[in-house]
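Peer 1: Chains D and L, in that order, give the protein sequences.
If you're matching positions, the first sequence starts at 1 in the working numbering and goes up one per residue.
If you're matching positions, the second sequence starts at 465 in the working numbering and goes up one per residue.
Every residue, glycine too, gets a C-beta built ideally from N, C-alpha and C.
It should be emphasised that the depicted structure is a prediction, and the values quoted were computed from it without experimental measurement.
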Amino acid sequence: MSLPLWAQPIEALAPRIRAKALSPVELTQACLDRVAQVDDRLLSFICLAPDALEQARRAEAEIARGEWRSPLHGIPLGIKDNYLTADMPTTAGTTAPGIAFPLRDSAAVARLRRAGAVLIGKTRTHEFAWGNVTPPVRNPWALDRVPSGSSGGSGAAVAAGLCAAAMGSDTGGSIRMPAAACGVVGLKATFGRVSRDGIVPHSWSLDHAGPLTRSVADAALLMNVLAGYDPADPACRDEPVPDYRAALDQPINGLRLGVCRNHFFDDNQEDVQRAVEAALHDLARQGATVVDFTIPNLAYGLAAIFAIELASSTAYHDVSLREGRVQHYTADVRQLVEIGRFVTGPDYLKAEQVRAVLMEDFRRALDRVDVILGPTTPITAWKIGEWTARIGDRDESVLAASWRFTFPYNLTGLPAISVPCGFDRHGLPIGLQIAGRPFDEATVLRVAHAYERTHEWKERAPAL
Amino acid sequence: MTFSIVAHCPLTGQLGVAVSTAVPAVGSICPYVKPGVGAVSTQAWVNPYLAIEALQRMERGEPGQAALEAVLAGDEARGLRQIGLVDARGRAASWSGELCTDWFGHLVDDHFAVQGNMLVSEATISSMAAAYREAASRDLAERLLLAMEAGQAAGGDKRGRQSASLTVYGEEDYALLDLRVDEHPDPVAELRRIHGVARLQLTPFVAGMPRKKGPAVAPPAEVIRMLLEPPARRPGGGGRTPEPLDLVRDLLGIDLPPERLAENLAAFARILEEIGTLRNLDLTDIHPSVVFDPTAPYRREPHA
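In structure tokens, the structure reads:
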């Protein structure tokens with residue numbers, strides 16, 4: 001293996017750690033060195049664990065004693081800074097005075113620790129996970145561009161090899177958008193699959209947890225640890241947890257790949273459209289059938305998620321609003337939190353009705369197909385400070401465009417992954433989104449893996 | 465140029481004057497009241513000293529009619545004057561000089577007198593008298609107002625309308641009620657509106673003011689509480705009419721400065737365009753995806 005340690009996927013590192021051929025301390029040090037080398041440019045970490053090497057030494061000692069815990073044992077990970085951690089402060093990306101979060105482990109962090117992972121630091125989030133830019137983080141593929149967001153720190157850190165994988169959270173696309181923009185894999189599991197206990201809420205019925213990784217297999221390895229029932233998250237469901245890694249290598253011939261031809265294909269940058277059509281072609285060549293369909297009610301999706309997300313977020317920030325703390329929020333987030341008051345009760349419930357309609361529409365589609373594919377975002381990473389992106393011959397607001405294809409799966413709660421599917425003319429990564437039936441992450445991962453194997457996108461690393 | 469009523473309430477001893485005209489600030493020119501003495505309205509080509517001197521005479525014990533005759537005797541221009549008065553025993557009198565402008569005249573009864581000049585017709589004062597008599601069971605301020613409303617409805621000042629006032633005194637040296645509409649297109653109606661607000665917000669306060677006989681006390685706590693509220697929040701409302709932006713602020717439950725609210729409304733406009741599409745949808749038969757689950761608290765068992 002010629003790749004440096006920090007650039008290798010977990011699936012390559014884990015067997016060698018287990019075999020004691022690779023020291024978690026050496027691996028963690030490689031990541032920390034990498035952080036020291038490039039993160040003054042990326043700014044992806046807000047905080048590093050002072051005991052990262054100590055955690056690695058503990059893992060090494062346990063493995064030496066034959067107490068290997070899981071493929072994550074000794075693997076350096078980053079944690080989005082809206083996950084509570086017992087040993088590192090949580091800011092949720094805010095510097096507003098009077099807002100403090102407890103020092104305790106969120107459910108996902110506790111699971112990762114039990115699996116033996118080395119948690120090397122907290123990655124930056126857009127303030128309160130409300131936004132798609134994640135300042136001041138930069139995109140490793142082009143430092144003058146955004147990593148997208150809100151899990152932009154996790155996307156940039158994983159893409160740049162600062163950690164083997166990182167946790168993200170996703171309310172309208174906040175795992176998948178930065179995964180696409182940074183050229184990594186991002187999986188938003190089914191609503192209720194991964195506990196959100198201890199993640200700072202954004203919108204209770206839209207928030208999802210999940211990993212950002214360098215490969216689909218790595219996403220499966222993290223899901224093996226993260227998935228499972230947790231009564232502390234009222235939305236968490238007690239559903240069987242399969243071995244996600246074991247299901248990956250099955251062939252996809254005979255699978256029906258759905259393509260929703262409206263909404264997801266209406267307004268894409270030319271390079272994005274071309275890359276996604278090529279990916280569909282590649283998958284069809286593996287014996288899968290492509291089935292086109294439409295879901296006209298997606299025309300109401302943006303209205304529905306606006307109403308639900310704004311109203312929920314404003315309810316969560318109610319005390320900060322009343323006590324004036326929002327004046328210390330960044331301008332964009334402050335305004336979103338304030339204007340949530342304009343959403344009326346009937347608007348909110350009609351949005352929940354539209355949501356039920358869309359859930360039913362997607363169920364009907366998923367009766368006929370096994371997964372639904374399309375672009376993750378219509379645009380690649382845009383320049384920092386720009387608020388519009390070029391699509392064809394016109395400029396569109398990045399705020400409106402970036403989450404257009406991701407939010408339908410927050411409304412429907414379906415599992416959805418973004419996997420790299422090439423680069424645009426500027427050398428910026430493009431994401432392919434694959435969604436599936438509720439709690440069928442296995443099939444989503446399997447199709448993503450089948451696609452990933454046919455390309456070498458994941459071997460490419462940003463030049464930093 | 466004016467119509468007025470002066471009255472004495474035999475039940476309470478209150479004295480009052482109500483007057484309206486098509487000149488500004490009639491309340492500063494015509495009515496004079498001295499508690500325990502009498503009430504006067506001096507009008508037409510006004511000589512204030514007629515009212516001042518008549519009250520001095522009544523205070524010395526002269527009956528109303530005698531006081532009126534005495535003061536007029538000293539006024540060379542009495543032909544231009546109109547004056548109505550009532551003393552503290554309810555003895556009323558009125559004078560309408562022959563040089564007043566038509567229609568002019570007066571009507572004197574026990575405990576009150578109505579008088580007017582430059583009126584549309586005699587109907588104004590006869591309607592005032594009838595309304596006043598009919599409302600015998602009401603308090604003096606209300607009776608005076610009813611009389612003024614009846615007078616206005618019957619024609620009033622033939623030039624139009626401009627100001628009105630209502631003054632009532634009880635036993636104290638300060639007025640129980642002294643309301644002025646100094647310049648208004650419909651002054652009697654406005655006087656009625658102001659009285660509606662004052663009755664709820666001012667009268668309870670005046671009722672708690674110190675008295676000649678008795679210790680000085682603080683106003684009742686509930687009155688203080690009420691008056692500490694902005695007018696719009698008190699019974700009867702009033703004060704500055706809340707503007708649409710104020711109502712939006714109340715509706716939103718957050719107090720933003722107007723310019724920030726305007727910015728937010730502008731930012732929301734695009735989102736509202738989207739949400740507007742929901743408002744136009746017929747989803748009657750769709751159960752929202754929010755499903756109430758009463759068993760949720762019972763499911764919080766640790767996973768086995």
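(1) By DSSP, does residue 182/D sit in helix, in strand, or in coil?
(2) Would you mind working out which of 303/D, 104/D, 19/D, 54/D sits nearest residue 69/D, comparing C-alpha positions?
(3) How would you label residue 306/D, buried or exposed, when you count the other beta carbons within 10 angstroms and need 16 or more for buried?
(4) Do you know whose CA, among 322/D, 225/D, 218/D, 214/D, lies nearest residue 720/L's CA?
(5) For residue 718/L, which residues in chain D fall below 8 Å Cβ to Cβ?
(6) Strictly below 8 Å CB to CB, what residues from chain D border residue 732/L?
(7) Verify the CB distance criterion: does residue 88/D have a CB-CB separation below 8 Å to chain L?
(8) What number of angstroms, rounded off, separates the C-alpha of residue 268/D from the C-alpha of residue 377/D?
(9) Taking 8 Å as the CB-CB limit, is residue 721/L close to chain D?
(10) Quick one, which of 352/D, 371/D, 120/D, 84/D has its alpha-carbon nearest residue 49/D's?
(11) Assuming residue 11/D and residue 221/D make a contact with CB atoms under 8 Å, what is their CB distance in whole Å?
(12) Under the three-state reduction of DSSP, which class applies to residue 333/D: helix, strand or coil?
(13) Does residue 31/D come out as helix, strand or coil in the three-state DSSP assignment?
(14) Do you know how far the Cα of residue 110/D is from the Cα of residue 767/L?
(15) Hey, would you say residue 551/L sits closer than 8 Å to residue 502/L, going by beta carbons?
(16) Measure the alpha-carbon distance for residue 151/D versus residue 397/D and round it to whole angstroms.
(17) So, are the CB atoms of residue 154/D and residue 168/D less than 8 Å apart?
(18) Ends of the alpha helix (DSSP H) at residue 153/D?
(19) If you follow the beta strand (DSSP E) that residue 211/D is in, where does it begin and where does it stop?
(20) What span of residues does the beta strand (DSSP E) with residue 642/L cover, start to end?
(21) For a quick check, are the C-beta atoms of residue 137/D and residue 43/D less than 8 Å apart?
(22) Could you check where the alpha helix (DSSP H) with residue 692/L kicks off and where it finishes?
(23) What residues of chain D sit near residue 472/L, judged by a beta carbon separation below 8 Å?
(24) For residue 188/D, is the classification buried or exposed, using 16 other Cβ atoms within 10 angstroms of its Cβ as the cut-off for buried?
(25) From residue 543/L to residue 510/L, what does the alpha carbon distance come to, in whole angstroms?
(26) Exposed or buried, which one is residue 677/L when buried takes at least 16 other CB atoms within 10 Å?
(27) In chain order, what residues of the same chain have a beta carbon less than 6 Å from the beta carbon of residue 448/D, not counting five sequence neighbours either side?
(28) Are the segment 364-382 of chain D and the segment 285-298 of chain D touching, with three or more C-beta to C-beta distances below 8 Å?
(29) Can a CB atom of chain L be found closer than 8 Å to the CB of residue 359/D?
(30) Can the beta-carbon of residue 739/L be found less than 8 Å from the beta-carbon of residue 596/L?
(31) Give me the Cα-Cα distance between residue 491/L and residue 547/L, rounded to the nearest whole angstrom.
(32) On the criterion of 16 or more Cβ atoms from any shown chain inside 10 Å, does residue 358/D qualify as buried, or is it exposed?
(33) Pick helix, strand or coil for residue 226/D, following the three-state DSSP scheme.
(34) Where residue 80/D and residue 123/D are concerned, what is the direct C-alpha to C-alpha distance, given to the nearest angstrom?
(35) Kindly indicate which residue of 382/D, 410/D, 372/D has the alpha-carbon position closest to the one of residue 401/D.
(36) Please tell me whether residue 1/D has its Cβ less than 8 Å away from any Cβ of chain L.
Peer 2: Reading it off the structure:
(1) helix
(2) 19/D
(3) buried
(4) 322/D
(5) 321, 322, 338, 341
(6) 339, 342
(7) no
(8) 8 Å
(9) no
(10) 120/D
(11) 7 Å
(12) helix
(13) helix
(14) Bear in mind that the predicted position of residue 767/L carries a pLDDT of just 43, short of 50, making it unreliable; the figure below should be weighed with that in mind. Straight-line Cα distance between these residues: approximately 15 Å.
(15) yes
(16) 20 Å
(17) yes
(18) 152-159
(19) 208-213
(20) 639-645
(21) yes
(22) 685-692
(23) What residue 472/L touches in chain D: nothing, since even the nearest Cβ is about 57 Å away.
(24) buried
(25) 11 Å
(26) exposed
(27) 216, 417, 419, 434
(28) yes
(29) yes
(30) no
(31) 15 Å
(32) buried
(33) helix
(34) 5 Å
(35) 382/D
(36) Only weak support is given to the placement of residue 1/D: the predicted model assigns it a pLDDT of 49, under 50, and the value that follows is read from those uncertain coordinates. Chain L, which has no Cβ nearer than 8 Å to the Cβ of residue 1/D, makes this no.
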